[in-house]
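Everything below concerns the one structure shown next.
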Amino acid sequence: MSSELTGKIAIVTGGATGIGRATVEHFVREGARVVIADVNRDEGKALADSLDASAVFRETDVSDIGEVRALVDFAVQTFGGLDVLVNNAGISGPIYASFLDDDLEAFDKIFAINLRAVMVGTQAAAKYMAENGGGAIINTSSIGGIMAGRGVITYRASKAAVIHFTKSAAIDLGVHGIRVNCLAPGSIPTTLLESSTTELEGEERDAMISSVRSTQSKKRPLNREGTVDDAAEAAVYLASDRARYVTGAVLRVDGGTAAGSTMTTPGQS
Ligand SMILES: NC(=O)c1ccc[n+]([C@@H]2O[C@H](COP(=O)([O-])OP(=O)(O)OC[C@H]3O[C@@H](n4cnc5c(N)ncnc54)[C@H](O)[C@@H]3O)[C@@H](O)[C@H]2O)c1
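Add 47 to a position in the sequence shown, counting from 1, and you land on the number used in the working numbering.
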C-alpha cells in the first residue's frame, strides 16, 4: 500500500459518483481520511460505509453558501483538521445546437455550483488552513474551460472562470502556505454527459450522447477515452507533498485534447 496522503484530512465535493468518487477511493487508499460531500445521499452514504472509518458522508448542496461553510466546520470537527479541499462538484447544463436557442435559464444554477461554490469553499477552507499550517485546494475545471467551442457555452464560461479564480487565489493565498491548483479533465465517461441531455429522450438522447463521444474521440492524441482513475490520480498528486512547489497550475487530464488541433496537414492521412 502506498501512502502519498497519510495523515491528511480531505473534503471531496461531488464525491458520490464519477471523478469525485474515484478521488475519494484513491485518497483513502493513499492514507487520507475524507469527508464526502454531495447531494446524492444514497450513493454518498454507501460509499462512506464501504470505506469504514476513513470516510464520512455529509449531505451538502454546494449551491448553498451556508452549507459549504458548514461543510468545512464539519470536517474540522469530525476529523480534527483540514489539509485538502477538492472542489469537484459540477453540472454541465443542457446542450444546445446554437447559443441562439439557449434560454439561459440554467445560468444561475450552473454558476452557483461550478463557480460560486468553488470560491466559497476555497475561502472557508483557506480561513482554517491559514491559521493551521497551510493546505492544498484543488478546483475541478474542464478542457471546456480552456478550449472554446459550441454546445455548452455557460458551462465553458463557468469552467474558464474557475481557472482564472484558481490562479488569483493561488497568488493571494501562497503566503499562507496554501496551494491552489486546477484539474482540467476531458472526455471521461460519467453521468455528467447524461445530465446534459435530460431534455432529450430515447433515441434522440442516445444519438446526442454518441455524437458528443465520437466528436471528442477524434480530438484525443492518446486515442482512448479517459477514466475516472486517470483524473483521481492527478488529484492525488496535486494534494500530496510531491506537489509542494506547485500552485496556480492547470493540470489537464484529457489525453492531450487541449494540447492543440489534431487536424492533419496536407499530405498526412
Ligand atoms: N467527465 C468529464 O469528462 C469531465 C470533463 C471536464 C470536467 N469535468 C468535471 O469533473 C467534475 C466531476 O464530474 P463527473 O464527470 O465526475 O460527473 P458526475 O455527474 O459523475 O459527478 C458530479 C457529482 O457532483 C454532484 N453534485 C451535483 N450538483 C451538486 C450540488 N449542488 N452539490 C453537491 N454535489 C453536487 C453529483 O451528485 C455527482 O455526484 C465536475 O466538476 C465536472 O464539470 C468532468
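Even for Gly, the Cβ is constructed at its ideal location relative to N, Cα and C. Please read these numbers as outputs of a predicted model, since none were measured by experiment.
When beta bridges are read from the DSSP output, E106 appears opposite D85. DSSP, reduced to helix, strand and coil, places R291 outside both helices and strands of the structure shown, so it counts as coil.
Around N228, the same chain offers A183, I184, I185, N186, T213, A217, L285, A290, V293, T294, G295, A296, V297, L298 as residues with beta carbons nearer than 8 Å, after the five sequence neighbours per side are excluded. Per DSSP, the beta bridge partners of T187 are L230.
If the five residues before and after N87 are omitted, its C-beta is found closer than 6 Å to the C-beta atoms of A63, all from its own chain and listed in chain order.
A Cβ-Cβ distance of about 6 Å is found for the pair L52 and S287, placing them in contact under the 8 Å criterion. With fewer than 16 other beta carbons inside 10 angstroms of its own, L147 counts as exposed.
According to the DSSP assignment, T213 belongs to the alpha helix (DSSP H) that extends over 200 to 220. Judged by the Cβ position, K206 qualifies as a neighbour of ligand 1 at the 8 Å threshold, a heavy atom of the ligand being closer than this. Relative to ligand 1, R203 has its C-beta separated by 8 Å or more from all heavy atoms. The three-state reading of DSSP puts A57 in strand, counting E and B together.
Where R68 is concerned, there is no enclosing beta strand (DSSP E), although the alpha helix (DSSP H) around it starts and stops at 65 to 76. A distance below 6 Å between beta-carbons, with the five flanking residues on each side excluded, links D96 to no residue of its chain.
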